[in-house]
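**Q** So the sequence lines, in the order shown, correspond to chains A and B. All letters in the first sequence, in the order written, are residues 134 to 618 by the numbering used here. All letters in the second sequence, in the order written, are residues 88 to 390 by the numbering used here. Note that CB positions come from ideal geometry on N, CA and C, so glycine has one too. Treat the numbers as computed from the prediction; the structure is a model and nothing was measured.
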Amino acid sequence: MMTDATEAAADKIRCDACPVMCYIRPGAAGACDRYANHNGELVRVDPHIVLERTVSHGGRLVPFQAGGDWDGKIVHEASVFVTAIGAGTTYPDYKPAPFIVSSEIDGVDMVTVVTEGIFSYCGVKVKIDTDRYLGPETATVRAQGEAVGHVTTSEYGSQMLSLGGVHHLTGGSKKEGRVTCDALMDLSNCKPVELTIDGGATVVVQAGYPPVVNGVAEERMRVGCGSATIGMFAKQWQGKVDEVVVVDDHITGVLSEHQAGKLLDIPDTGIKMKGRRSTPGRYFQVAEPGTGWGGTKISDPLSVLGPFDPKTARPGMTMLMVSTTGEHAAYYELDDALKPVEKPMPSDLRLSVERIQENCEPALCTVLFMGGAGGSLRAGVTDNPVRLTRSVKDALTRVTSGGAPVYVWPGGGITFMVDVTRLPAGAFGYVPTPALVAPIEFTLRLSDYAALGGHMDHVRPLASLKDSTEIHQIPLQQSAPGPRV
Amino acid sequence: MTRAPQVRFLADGRRLHLQDGPIDLIVEARGRAADMRAAYDAAMQRFSGLLDALCEELPHLRQAADPKRSPLKGAVARRMHAAVAPFAADHFITPMAAVAGAVAEEILAAMLGNARLDRAYVNNGGDIALHLADHEQFTVGLADRPNLPGLMRTMIVSCDDLTRGIATSGRHGRSFSLGIADAVTVLALTASQADAAATIIGNAVDLPGHSAIVRAPAHDLQPDSDLGPRLVTRGIGALSVVEVRRALEAGAGCARRLLATGLIDGAALRLNGEVVMVGARATGMPGVRTPDRSRASESAMHV
Numbered sequence: 134m135m136t137d138a139t140e141a142a143a144d145k146i147r148c149d150a151c152p153v154m155c156y157i158r159p160g161a162a163g164a165c166d167r168y169a170n171h172n173g174e175l176v177r178v179d180p181h182i183v184l185e186r187t188v189s190h191g192g193r194l195v196p197f198q199a200g201g202d203w204d205g206k207i208v209h210e211a212s213v214f215v216t217a218i219g220a221g222t223t224y225p226d227y228k229p230a231p232f233i234v235s236s237e238i239d240g241v242d243m244v245t246v247v248t249e250g251i252f253s254y255c256g257v258k259v260k261i262d263t264d265r266y267l268g269p270e271t272a273t274v275r276a277q278g279e280a281v282g283h284v285t286t287s288e289y290g291s292q293m294l295s296l297g298g299v300h301h302l303t304g305g306s307k308k309e310g311r312v313t314c315d316a317l318m319d320l321s322n323c324k325p326v327e328l329t330i331d332g333g334a335t336v337v338v339q340a341g342y343p344p345v346v347n348g349v350a351e352e353r354m355r356v357g358c359g360s361a362t363i364g365m366f367a368k369q370w371q372g373k374v375d376e377v378v379v380v381d382d383h384i385t386g387v388l389s390e391h392q393a394g395k396l397l398d399i400p401d402t403g404i405k406m407k408g409r410r411s412t413p414g415r416y417f418q419v420a421e422p423g424t425g426w427g428g429t430k431i432s433d434p435l436s437v438l439g440p441f442d443p444k445t446a447r448p449g450m451t452m453l454m455v456s457t458t459g460e461h462a463a464y465y466e467l468d469d470a471l472k473p474v475e476k477p478m479p480s481d482l483r484l485s486v487e488r489i490q491e492n493c494e495p496a497l498c499t500v501l502f503m504g505g506a507g508g509s510l511r512a513g514v515t516d517n518p519v520r521l522t523r524s525v526k527d528a529l530t531r532v533t534s535g536g537a538p539v540y541v542w543p544g545g546g547i548t549f550m551v552d553v554t555r556l557p558a559g560a561f562g563y564v565p566t567p568a569l570v571a572p573i574e575f576t577l578r579l580s581d582y583a584a585l586g587g588h589m590d591h592v593r594p595l596a597s598l599k600d601s602t603e604i605h606q607i608p609l610q611q612s613a614p615g616p617r618v
Numbered sequence: 088m089t090r091a092p093q094v095r096f097l098a099d100g101r102r103l104h105l106q107d108g109p110i111d112l113i114v115e116a117r118g119r120a121a122d123m124r125a126a127y128d129a130a131m132q133r134f135s136g137l138l139d140a141l142c143e144e145l146p147h148l149r150q151a152a153d154p155k156r157s158p159l160k161g162a163v164a165r166r167m168h169a170a171v172a173p174f175a176a177d178h179f180i181t182p183m184a185a186v187a188g189a190v191a192e193e194i195l196a197a198m199l200g201n202a203r204l205d206r207a208y209v210n211n212g213g214d215i216a217l218h219l220a221d222h223e224q225f226t227v228g229l230a231d232r233p234n235l236p237g238l239m240r241t242m243i244v245s246c247d248d249l250t251r252g253i254a255t256s257g258r259h260g261r262s263f264s265l266g267i268a269d270a271v272t273v274l275a276l277t278a279s280q281a282d283a284a285a286t287i288i289g290n291a292v293d294l295p296g297h298s299a300i301v302r303a304p305a306h307d308l309q310p311d312s313d314l315g316p317r318l319v320t321r322g323i324g325a326l327s328v329v330e331v332r333r334a335l336e337a338g339a340g341c342a343r344r345l346l347a348t349g350l351i352d353g354a355a356l357r358l359n360g361e362v363v364m365v366g367a368r369a370t371g372m373p374g375v376r377t378p379d380r381s382r383a384s385e386s387a388m389h390v
């Protein structure tokens, strides 16, 4: 460790380790940061050299901490801002998480382990509120021509996509991995991404905003198809009107013929629908698709009706026609010739139309980031990673991502999902592996943290971080940034 | 002399580590196997004796540069002077402000003089000289802390960009700063230009006369510092967000002037967790990787 010190002046020594010949004051280091003046002696403080010697002498290794033995001024400070080329692909498994913050909450000593996890095993689950056909199930979803995921199940009023995952990130070509990583990061950071589905549509997805399908932005989710609307509101219409037709591009519903009407003993009205009957009270293709009533092109709803059957219909019968979003509605009474004539709508029927409108939610894209906390990330939090997992399962440890609540999947490991609109802006990053970098915090009682093998020597009181350069208060997003109609 | 310069490949077998005194280089070359060998040989050869030659002119290198002429003779020393000369008329600056970048550049030039490479870099403790052949690019990461697995920002430098040098300056580094920036990272035509500009911009990130900033004469800390009696930043107490932004804005103003005169291609200035970026093009700036390329090229963001 020692080299000869020459020209030791009263307070400074001259280093002869290299031709720079630095004068070094006590407690300081030379220009190289490798040699220092320790009480008048020139000492070598290069961590790599120390490490190599320890290994070559069969010594026991302990993780090197900058400033561990020395007074901290010699070696680089831990907060040094460095530029690195080709860095960031290694996983320093043994390093304690950057901040392990302890703060007092309601008199209980709490610990938040703040770290950024690198997630190779990660992806996003996208829910797109639309009734439009986006593509067949299991079809490949592409960004910039590269496969980034696939179409999965249809849910009520929505289509689900599963994007990313380790297979696309690292299992395919380099470009596929890069494009997947970009798409995941942009989606997670609430930016718009254009996706093309093999054998289907092109859709622009942005968390918290309506989907744009083949260039057309969705507005509202309908309350249900025409048939479902009948089912939902049949009871509210009973006794107030003789017939209800819910006009829908997909399935138009007719109350008196529908199963829901039958169950309520609503009598036949002799109504005659155009279009193809699917099952009783449910009709396909009553009109061409368009921007009129219920996603059809019609502006006069009577055009989907044929003449009433005179054997059943009688003059004075009442009928409500309404679209699936409640945007369009009209009230009719049959005249003596059994022709429907539009009349002012009674207030209780008006109320049911408003109820339909109220139940139509704005169409949105929602993006859930899903990732698994691997061994190295957990090791940053505790020296016994599996105890952290168990602690999370036992609900002693609360997991958050950028402060946002997460859903932790049951079963092994710490696999969680989080609504990306709940995280602060720009919370997600990436490393060239490629893999995503996402914030993840574990909050638990200080005593529990010690019990599960936490890095107690790295715990810092929250107050000590307040004025430091290393922490920055970011207001949390309370809800999606998109329009909430 | 008891020194033994270190010349060896890192554990991954493809990056060369050269260390001598305060010089610490990580070198990587990509190309045909024969070219890579030739490049690494050239780097090692040029490296031997480089520090000795530099130190012969050390007294001159530690003096304020003259914007017009220079008595310096060595190749690296001349690169250093050339890099700081554009600033010398308006600022106190010595060629030492560009030493790291100039060394990186000199080694890279030796490699390229002896081999045809697809891409190569010489990283001198964060001051980096780049080479990019057609269709090549580098992904450069800015790490918040070296012990943190993630990268704070990344940026792409491609062959079509003018940038061939990257440097970072700040008060946490090995050299002193007159300013208070945690870090100023600069993209420029060459590594030495980036190095000099990062020093100038880093000095400009400041709150002159602020009571929370602890300063000390450079020569009290390092007896032979080229900054002599000038006050260098030793510590920073509590600063309000408004003060942080004011300091960063002072630096950003300086960066914008350098950008306008073509002395830099872009800069990222960081203080107390706030980052301000100045850049000619959105894609060239760290972290600006959005599908929307029309975004403003300058932005302040929280990290």
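Pull out every residue of the stretch 342-363 of chain A whose Cβ sits closer than 8 Å to any Cβ of chain B, in chain order.
**A** Per Cβ criterion, the list is empty.
**Q** If you run the structure through DSSP and keep just helix, strand and coil, what is residue 170 of chain A?
**A** Here residue 170 of chain A refers to the residue found at position 37 of the first sequence. Residue 170 of chain A: strand per DSSP, three-state reduction.
**Q** Count the other CB atoms within 10 Å of the CB of residue 309 of chain B; is the residue buried (16 or more) or exposed (fewer)?
**A** Here residue 309 of chain B refers to the residue found at position 222 of the second sequence. Buried, since its Cβ has 16 or more Cβ neighbours within 10 Å.
**Q** Name the DSSP bridge partner or partners of residue 283 of chain A?
**A** On the first sequence, position 150 is the one that residue 283 of chain A refers to. In the DSSP output, where bridge partners are listed per residue, residue 283 of chain A has A:273 and A:295.
**Q** Put residue 311 of chain A into one of helix, strand or coil per three-state DSSP.
**A** Working through the first sequence from its first residue, we reach residue 311 of chain A at position 178. Residue state, collapsed to three classes: helix.
**Q** So the alpha helix (DSSP H) residue 138 of chain B belongs to, where does it begin and stop?
**A** Here residue 138 of chain B corresponds to residue number 51 of the second sequence, with the count starting at 1. First-last of the alpha helix (DSSP H) with residue 138 of chain B: 137-143.
**Q** Which term fits residue 243 of chain B, buried or exposed, when burial requires 16 or more other beta carbons within 10 angstroms of its beta carbon?
**A** Your numbering for residue 243 of chain B matches position 156 in the second sequence. With fewer than 16 Cβ atoms within 10 Å of its Cβ, residue 243 of chain B is classed as exposed.
**Q** Run through chain B and tell me which residues come within less than 7 Å of residue 156 of chain A, C-beta to C-beta.
**A** Taking the first sequence and counting its residues from 1, the one referred to as residue 156 of chain A is at position 23. Going along chain B in sequence order, the residues near residue 156 of chain A (Cβ under 7 Å) are 310 and 311.
**Q** Residue 161 of chain A CB to nearest chain B CB: under 9 Å?
**A** In the first sequence, the residue the question calls residue 161 of chain A occupies position 28. With 9 Å as the cut-off, residue 161 of chain A counts as an interface residue toward chain B.
**Q** Going straight from the alpha carbon of residue 278 of chain B to that of residue 338 of chain B, what length do you get?
**A** Here residue 278 of chain B refers to the residue found at position 191 when the second sequence is read from its first residue. Here residue 338 of chain B refers to the residue found at position 251 when the second sequence is read from its first residue. Spanning the two alpha carbons is a distance of roughly 20 Å.
**Q** Return the CA-CA distance between residue 217 of chain B and residue 263 of chain A, expressed in angstroms with no decimal places.
**A** Position 130 of the second sequence holds residue 217 of chain B. Position 130 of the first sequence holds residue 263 of chain A. Rounded to whole angstroms, residue 217 of chain B to residue 263 of chain A spans 49 Å at the Cα level.
**Q** Return yes when the Cβ of residue 385 of chain A is within less than 9 Å of the Cβ of residue 450 of chain A, no when it is not.
**A** Counting from one through the first sequence, the residue named residue 450 of chain A turns up at place 317. Counting from one through the first sequence, the residue named residue 385 of chain A turns up at place 252. It is not a contact, given that the beta carbons lie outside the stated cut-off.
**Q** Mind checking if residue 335 of chain B is an interface residue toward chain E, Cβ cutoff 9 Å exclusive?
**A** Looking at the structure shown, chain E is missing, and the protein chains on hand are A and B.
**Q** Compute the beta-carbon to beta-carbon distance between residue 287 of chain B and residue 341 of chain B, rounded to the nearest angstrom, for a pair I have assumed lies under 8 Å.
**A** If you number the second sequence from 1, residue 287 of chain B lands on position 200. If you number the second sequence from 1, residue 341 of chain B lands on position 254. So it is a contact: roughly 7 Å between Cβ atoms.
**Q** Determine whether the beta carbon atoms of residue 268 of chain B and residue 357 of chain B lie at a separation below 9 Å.
**A** Locating residue 268 of chain B in the second sequence gives position 181, counting from the first residue. Locating residue 357 of chain B in the second sequence gives position 270, counting from the first residue. A contact, by the Cβ cut-off of 9 Å.
**Q** Less than 7 Å between C-beta atoms, sequence neighbours within five positions excluded: which residues of the same chain meet that for residue 182 of chain A?
**A** Numbered from its first residue, the first sequence carries residue 182 of chain A at position 49. Note that residue 182 of chain A scores 33 on pLDDT, short of 50, meaning its location in the model is unreliable and no value can be drawn from it.
**Q** I'd like the list of long-range same chain contacts for residue 117 of chain B, defined as Cβ closer than 6 Å, with 5 residues on each side in sequence excluded.
**A** In the second sequence, counting from the first residue as 1, residue 117 of chain B sits at position 30. Answer for residue 117 of chain B: 205 and 206, listed in chain order.
**Q** State the Cα-Cα distance for the pair residue 195 of chain B and residue 351 of chain A, rounded to the nearest angstrom.
**A** Taking the first residue of the second sequence as position 1, residue 195 of chain B is located at position 108. Taking the first residue of the first sequence as position 1, residue 351 of chain A is located at position 218. Whole-angstrom Cα-Cα distance: 55 Å.
**Q** Within its chain, find whatever has a CB closer than 8 Å to the CB of residue 474 of chain A; leave out the 5 residues flanking it on each side and keep chain order.
**A** By 1-based counting over the first sequence, the position of residue 474 of chain A is 341. Result list for residue 474 of chain A: 465, 466, 467 and 468, in chain order.
**Q** Only counting the same chain, and skipping five residues up and downstream in sequence, which positions put a Cβ closer than 7 Å to that of residue 201 of chain A?
**A** Taking the first residue of the first sequence as 1, we reach residue 201 of chain A at position 68. For residue 201 of chain A, the pLDDT reaches just 33, beneath the cut-off of 50, and the residue's location in the model is therefore unreliable, although a value from the coordinates is still provided. Cβ neighbours of residue 201 of chain A beyond the five flanking positions: none.
**Q** Ends of the beta strand (DSSP E) at residue 417 of chain A?
**A** What you label residue 417 of chain A is simply residue 284 of the first sequence in a count that begins at 1. 415-417 is the span of the beta strand (DSSP E), which, as asked, contains residue 417 of chain A.
**Q** Give the range of the alpha helix (DSSP H) segment to which residue 308 of chain B is assigned.
**A** The sequence position of residue 308 of chain B within the second sequence is 221, counting from 1. Run containing residue 308 of chain B: 305-308, per the alpha helix (DSSP H) assignment.
**Q** For residue 266 of chain A, name the three-state secondary structure that DSSP assigns.
**A** Here residue 266 of chain A corresponds to residue number 133 of the first sequence, with the count starting at 1. Coil.
**Q** Name the residues in the stretch 124-143 of chain B whose C-beta lies less than 7 Å from a C-beta of chain A; which are they?
**A** The stretch 124-143 of chain B vs chain A, Cβ under 7 Å: 138, 139 and 142.
**Q** Check whether the stretch 437-457 of chain A and the stretch 363-376 of chain A are in contact - that is, three or more C-beta pairs closer than 8 Å.
**A** Cβ pair count under 8 Å is three or more, so yes.
**Q** Answer yes or no: does any C-beta atom of chain B fall closer than 9 Å to that of residue 498 of chain A?
**A** Position 365 of the first sequence, counting from 1, holds the residue named residue 498 of chain A. Not closer than 9 Å to any Cβ of chain B, the Cβ of residue 498 of chain A fails to qualify, so no.
**Q** By alpha-carbon positions, which one of B:109, B:103 and B:178 ends up nearest to residue 123 of chain B?
**A** Here residue 123 of chain B is taken as the residue at index 36 of the second sequence, counted from 1. Nearest option by C-alpha distance: B:103.
**Q** State buried or exposed for residue 137 of chain B, treating a residue as buried only when at least 16 other CB atoms are found within 10 Å of its CB.
**A** Working through the second sequence from its first residue, we reach residue 137 of chain B at position 50. Buried.
**Q** So, for residue 107 of chain B: in the same chain, excluding its five sequence neighbours on each side, which residues have a beta-carbon less than 6 Å away from its beta-carbon?
**A** Taking the second sequence and counting its residues from 1, one reaches residue 107 of chain B at position 20. For residue 107 of chain B, where only same-chain residues beyond five positions count, the Cβ hits under 6 Å are 92 and 138.
**Q** Along chain A, which residues have their Cβ under 7 Å away from the Cβ of residue 107 of chain B?
**A** In the second sequence, residue 107 of chain B corresponds to position 20, counting from 1. Within chain A, the residues near residue 107 of chain B are 151.
**Q** Grab the span of the alpha helix (DSSP H) containing residue 369 of chain A for me, first residue to last.
**A** To locate residue 369 of chain A, count along the first sequence from 1; it is residue 236. Residues 359-370.
**Q** Nearest CA to the CA of residue 311 of chain A: which residue from A:322, A:323, A:297 and A:321?
**A** Sequence index remark: in the first sequence, residue 311 of chain A carries index 178 (1-based). Checked all of A:322, A:323, A:297 and A:321; the closest Cα to residue 311 of chain A is A:297.
**Q** Can you look up residue 235 of chain B in the DSSP assignment and give me helix, strand or coil?
**A** Reading the second sequence from its first residue, position 148 is the one you call residue 235 of chain B. Because residue 235 of chain B sits at a pLDDT of 43, beneath the cut-off of 50, its placement in the model cannot be relied upon, and the following sentence gives the value as read from the coordinates. If DSSP states are grouped into helix, strand and coil, residue 235 of chain B belongs with coil.
**Q** Chain B partners of residue 145 of chain A, CB-CB under 9 Å?
**A** Indexing the first sequence from 1 puts residue 145 of chain A at position 12. Here the neighbours are 310.
**Q** In three-state DSSP terms, what is residue 415 of chain B?
**A** No statement about residue 415 of chain B is possible, as the shown extent of chain B runs from 88 to 390 and does not include it.
**Q** Would you call the stretch 323-342 of chain A and the stretch 494-502 of chain A in contact, with 3 or more CB pairs under 8 Å?
**A** Touching, per the Cβ criterion.
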